[in-house]
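Visitor: Would you mind keeping the following structure in view while I ask a few things?
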Amino acid sequence: MINSPRVCIQVQSVYIEAQSSPDNERYVFAYTVTIRNLGRAPVQLLGRYWLITNGNGRETEVQGEGVVGVQPLIAPGEEYQYTSGAIIETPLGTMQGHYEMIDENGVPFQHRHSRIPTRRFPHSFIKRIWRHTLLATFMVVTMN
Numbered sequence: 001m002i003n004s005p006r007v008c009i010q011v012q013s014v015y016i017e018a019q020s021s022p023d024n025e026r027y028v029f030a031y032t033v034t035i036r037n038l039g040r041a042p043v044q045l046l047g048r049y050w051l052i053t054n055g056n057g058r059e060t061e062v063q064g065e066g067v068v069g070v071q072p073l074i075a076p077g078e079e080y081q082y083t084s085g086a087i088i089e090t091p092l093g094t095m096q097g098h099y100e101m102i103d104e105n106g107v108p109f110q111h112r113h114s115r116i117p118t119r120r121f122p123h124s125f126i127k128r129i130w131r132h133t134l135l136a137t138f139m140v141v142t143m144n
């Protein structure tokens, strides 16, 4: 892939207790992703790929066109935000992957996301302190 335009991606995740059932190994998370175009030209998000790994190492792949049904065009200095969800079988997990995008000339590039290893904590500690937060970290790539 060529050098990518300046794109910054941030994520916030939250445990959805009302939809979760720890006794049935069902942990529901919502995550909000903000994609900022820090460059001087528009970019368009065409697709995404996620590798979601639960605390036991079980992996689930998610890929497809756009995000939440759209392929947003993000103007310079603008941002696009969406919220989605993930269900895993453990109270901790990770997400990693990439977005497939094109620049104003239709040249494709990928914005990759890195992964933080899952840490194991006693369930009571996780519930009290971490609130079952899904660890979803995104490496910020700003290339010229």
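Counting in UniProt numbering, the sequence shown runs from 1 upward without gaps.
Think of the CB as a built atom: it goes at the ideal place given N, C-alpha and C, for glycine as much as any other residue.
In this text the structure is predicted, and so the values were computed from the model without any measurement.
#1: From asparagine 56 to isoleucine 74, what does the alpha carbon distance come to, in whole angstroms?
#2: With a floor of 3 residues, list each beta strand (DSSP E) that falls wholly inside the UniProt domain "ApaG" (1-128), ordered by position along the chain.
#3: With the cut-off set at 9 angstroms, would you say arginine 6 and leucine 38 are in Cβ contact?
#4: Cutting at 8 angstroms between CB atoms, please list the residues of its own chain near glycine 85, excluding the five before and the five after it.
#5: Less than 9 angstroms separating the beta-carbons of arginine 48 and glycine 66?
#6: Between proline 76 and the ligand SAH, is the CB less than 8 angstroms from at least one heavy atom?
#7: Of all the options Gln96, Gln71, Arg58, Asp103, which has the alpha carbon lying nearest to the alpha carbon of tryptophan 50?
#8: Taking just the CA atoms, how far does valine 14 sit from valine 68?
Guide: In short:
#1: In the sequence shown, counting from the first residue as 1, residue 56 sits at position 56. In the sequence shown, counting from the first residue as 1, residue 74 sits at position 74. Going by the C-alpha atoms only, they are around 37 angstroms apart.
#2: 7-15, 27-37, 43-54, 59-65, 79-88, 93-102, 108-113
#3: Here residue 6 refers to the residue found at position 6 when the sequence shown is read from its first residue. Here residue 38 refers to the residue found at position 38 when the sequence shown is read from its first residue. Yes, they are a contact pair.
#4: On the sequence shown, residue 85 is found 85 positions in, with the first residue counted as 1. Here the set comprises Ile16, Val28, Phe29, Ala30, Tyr31.
#5: Here the question's residue 48 lines up with position 48 in the sequence shown. Here the question's residue 66 lines up with position 66 in the sequence shown. Yes.
#6: Inclusion of the ligand SAH in the displayed structure is not the case, the ligand content being empty and no account of it being possible.
#7: Position 50 of the sequence shown holds residue 50. The candidate whose alpha carbon is nearest that of tryptophan 50 is Gln96.
#8: Taking the first residue of the sequence shown as 1, we reach residue 68 at position 68. Taking the first residue of the sequence shown as 1, we reach residue 14 at position 14. If I take the Cα positions, the gap works out to 18 angstroms.
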